[in-house]
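Asker: Residue numbers (this note's numbering), protein chains in the order written: chain A, 1 to 321; chain B, 1001 to 1201.
Even for Gly, the Cβ is constructed at its ideal location relative to N, Cα and C.
Quick caveat: nothing in here was measured; it's all calculated off a predicted structure.
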Amino acid sequence: MLIKIRKPWELKDQDVTPEHLFKQRRKFLKIGAAALAGGIGGGMLSRHAFAAWPAAGELLADVRKTAFDPGEALTPFDQVSSYNNFYEFGTGKDEPVYGAKDFKPAPWTVEIAGACAKPGLYDFSDLIDPHPLEERIYRHRCVEAWSMVVPWVGVSLADVIKRLEPTSKARYIAFETLLDPDRMPGQHRNVLQWPYVEGLRLDEAMNPLALLSVGLYGRTLPPQNGAPLRLVVPWKYGFKGIKSIVKITFTEDQPPTSWNRSSAHEYGFYANVNPEVDHPRWSQAKERRIGEFFKQKTLPFNGYGSEVASLYADMDLAKFF
Amino acid sequence: MKKSILPYRIIWGLAFVVMAGPLIGLVVLAFSGGLGANPIEFINRYLGDWALRALLVALSATPLKIVFGWTWPIRLRRMLGLWAFAYVALHFVNYIAIEQFFNWQDIVTDIVKRTYITIGMGALVILSTLAATSNKRAIKRLGAKDWTRIHRYVYAAGILGCWHYFSMVKADLLPPLIHAAVLAGLLGIRMWSLVKKRATV
């Protein structure tokens, strides 16, 4: 069955994508229309009279609902997909939705390297398809003191890691974003050192909360949210959630991370959400949930302390921020 | 001295409307849903950006006279400067009333603890003083010499404004650098003319 609903605010470039993507991704059943749902659409139409409507991805099939759900109101799709820190597509948070409009996240390969039994070049679907897709609703806390609640779709990072069989030497896992200034125009300027890199301690990566996300709101990730593959570690600040991943390396030593490299006294390797440890230039005690007027208190580990606090039991979190 | 082609009144009116433009733009954006996902942050940055730009416009009056011999910008200077103050004041009011919603404890902590906010407050204090002494009565009371000396602090406000912008940015220093370069150019023209004047005396 082919469903294509064209809304009046959709742009013509949508016409080009479907056939191409359809060939690339077997698993994804249907060619999605750009609008997420008519219900949200009606209300938002007037609000976005002057803005490009963020196009939604393809509908994902066989997504398992999970118990990961803080029970808080979801941040609407148009806000999740139009307010993004993704410097590869521009340094303003309103820029990636435009800058990534023509980004084609297919075909996509991920290189697996380092201390593991199964290194090599993996096609996106070879890496992801063996694992069940889960929907997990997570709080998302940006280091800039705003937050969202996002219904991610993805696979358990721990499951993927187990399949790749890291050796005893693997103590960390390093991630790398695509480096391609032609497709990611923000990389023409060295605002950060490209490619963007991130990393986790292996035991952090093995925590059940860690998610390799391929979608949100039941559909494939919009490019500005890190298509086709991004990391989601909800107890850490958003910048740990590296986007458009092309390389995963198991390492013995702690890998470099982009924001730490850019400003080490402001952004640590761990970057756990911590209301007690301020960013040198602003407080982290509170956050503004997108769509709300009043700030709310930020929770230690973004509210996921019961799952992750034990990872840092003997650590001085003011030192290892 | 060159005379402008348009009558002064029309120039004044045009300049006033241009200076009001960003404010009108903000209102239009607000009513058309153009403030994005985080309207409070948007308004804060928008007003901060335009406060600095309005200040740079006001600061260009004298350099325009030095370089092109135009005198009409000088006559607009007070109006331009008051617009700059208006944007700075709105930026401040937005911070107090919307961003922090009168949470005085957080506001005081911010001002004391966060250098870029301290710097911004410094610029606000200077521009408030200048705005308060921008009328004819104040000029008379202070005397032209003292008044001129006090109002030269507008450059200090410009420097603080650029510094404030520069130090709140996370990684992309280009936008604050562009503003700082404009300020440096304007300040440079004034200093060049000052040096030249001294040399000819």
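1) Please go through the same chain and pick out, in chain order, the residues whose beta-carbon is closer than 8 Å to the beta-carbon of PRO54 (chain A), but skip the five residues on each side of it.
2) Please give me, in chain order, every unbroken run of the beta strand (DSSP E) with length at least 3 that falls completely inside the region 178-204 of chain A.
3) Which residues of the region 186-201 of chain A have a Cβ closer than 8 Å to any Cβ of chain B? Give them in chain order.
4) Which residues share a DSSP beta bridge with ARG288 (chain A)?
5) Whole angstroms are fine: how far does the CA of TRP1192 (chain B) sit from the CA of TYR138 (chain A)?
6) Locate the alpha helix (DSSP H) running through GLU1041 (chain B), then write down its first and last residues.
7) Given 8 Å as the limit, is there contact between the region 1048-1062 of chain B and the region 1158-1173 of chain B, that is, 3 or more CB pairs closer than that?
8) How far does the alpha helix (DSSP H) with PHE1166 (chain B) in it reach, from first residue to last?
9) Taking all protein chains shown into account, do 16 or more other C-beta atoms lie within 10 angstroms of the C-beta of THR167 (chain A), making it buried, or fewer, making it exposed?
10) Just to confirm the assignment, what range does the alpha helix (DSSP H) spanning SER283 (chain A) have?
11) Could you check which residue in A:PRO255, A:ASP180, A:THR249 and A:LYS247 has the C-alpha nearest to that of LYS104 (chain A)?
12) Report the residue from B:ALA1144, B:ALA1123, B:SER1032 and B:HIS1151 whose alpha carbon sits nearest the alpha carbon of PHE1092 (chain B).
13) Residues of chain B with a CB under 8 Å from the CB of ARG281 (chain A): which are they?
14) Is VAL153 (chain A) buried or exposed, if buried means 16 or more other CB atoms sit within 10 Å of its CB?
15) Measuring only the C-alpha atoms, how far is ASP123 (chain A) from VAL155 (chain A)?
16) In or out: PHE1101 (chain B) buried (at least 16 other Cβ within 10 Å) or exposed?
17) Given 8 Å as the limit, is there contact between the region 1063-1075 of chain B and the region 1177-1189 of chain B, that is, 3 or more CB pairs closer than that?
18) Along the chain, where does the beta strand (DSSP E) that runs through PHE1092 (chain B) open and close?
19) Hey, GLU111 (chain A) and VAL197 (chain A): beta-carbon distance below 8 Å or not?
20) With DSSP as the reference, label PHE175 (chain A) as helix, strand or coil.
21) List, from N- to C-terminal side, the alpha helix (DSSP H) runs of 4 residues or more that fit wholly inside the region 78-141 of chain A.
22) Please tell me whether ILE1040 (chain B) has its Cβ less than 8 Å away from any Cβ of chain A.
23) Does the CB of ASP1172 (chain B) have a neighbour CB from chain A at under 8 Å?
24) Could you confirm whether any beta carbon from chain A is found closer than 8 Å to the beta carbon of GLY1048 (chain B)?
25) List, in order along the chain, the chain B residues whose C-beta lies closer than 9 Å to that of TRP146 (chain A)?
26) Would you grab the beta carbon distance between ALA205 (chain A) and LEU157 (chain A) for me? Rounded to a whole angstrom, and I think it's under 8 Å.
27) Could you check where the alpha helix (DSSP H) with SER258 (chain A) kicks off and where it finishes?
28) Classify TRP1192 (chain B) as helix, strand or coil using the three-state DSSP reduction.
29) Using only the alpha-carbon positions, how far apart do GLY120 (chain A) and PRO256 (chain A) sit?
30) Going by the CB atoms, is the gap between LYS243 (chain A) and THR384 (chain A) shorter than 8 Å?
31) Assuming LYS236 (chain A) and VAL273 (chain A) form a contact by the criterion Cβ under 8 Å, report the distance between their Cβ atoms to the nearest whole angstrom.
32) Any beta carbon of chain A sitting closer than 8 Å to that of PHE1031 (chain B)?
33) Assuming THR1133 (chain B) is part of the beta strand (DSSP E), what are its boundary residues?
34) Can you give the beta carbon distance from LEU59 (chain A) to CYS116 (chain A), rounded, assuming they're within the 8 Å contact cut?
35) For THR17 (chain A), name the three-state secondary structure that DSSP assigns.
36) Which residues in chain A sit within 9 Å of LYS1101 (chain B), going by Cβ to Cβ distance?
Answerer: In terms of the structure at hand:
1) PHE77, ASP78, SER81, SER82, VAL97, PRO222 and GLN224
2) 197-201
3) ARG189, VAL191 and LEU192
4) A:TRP146
5) 58 Å
6) 1039-1059
7) yes
8) 1154-1166
9) exposed
10) Per DSSP, SER283 (chain A) belongs to no alpha helix (DSSP H) and is neither H nor E.
11) A:ASP180
12) B:ALA1123
13) ARG1114, THR1115, TYR1116, SER1167 and MET1168
14) buried
15) 15 Å
16) exposed
17) yes
18) Run containing PHE1092 (chain B): none in the beta strand (DSSP E); it sits in the alpha helix (DSSP H), 1072-1093.
19) no
20) strand
21) 96-99 and 124-128
22) yes
23) yes
24) no
25) ALA1037, ASN1038 and GLU1041
26) 6 Å
27) 258-262
28) helix
29) 22 Å
30) Here chain A covers residues 1 to 321 and nothing more, so residue 384 (chain A) does not appear.
31) 6 Å
32) no
33) Looking at the DSSP string, THR1133 (chain B) is not in any beta strand (DSSP E), and its letter there is neither H nor E.
34) Incorrect: roughly 33 Å between the Cβ atoms, too far for contact.
35) Because the pLDDT at THR17 (chain A) is just 45, under 50, the model does not fix this residue reliably, and the value given afterwards should be weighed accordingly. The answer is helix: DSSP assigns THR17 (chain A) an H, G or I state.
36) As written in the sequence, residue 1101 (chain B) is Phe, which differs from the Lys given in the question. The answer, in chain order, is PHE293, PHE294 and LYS295.
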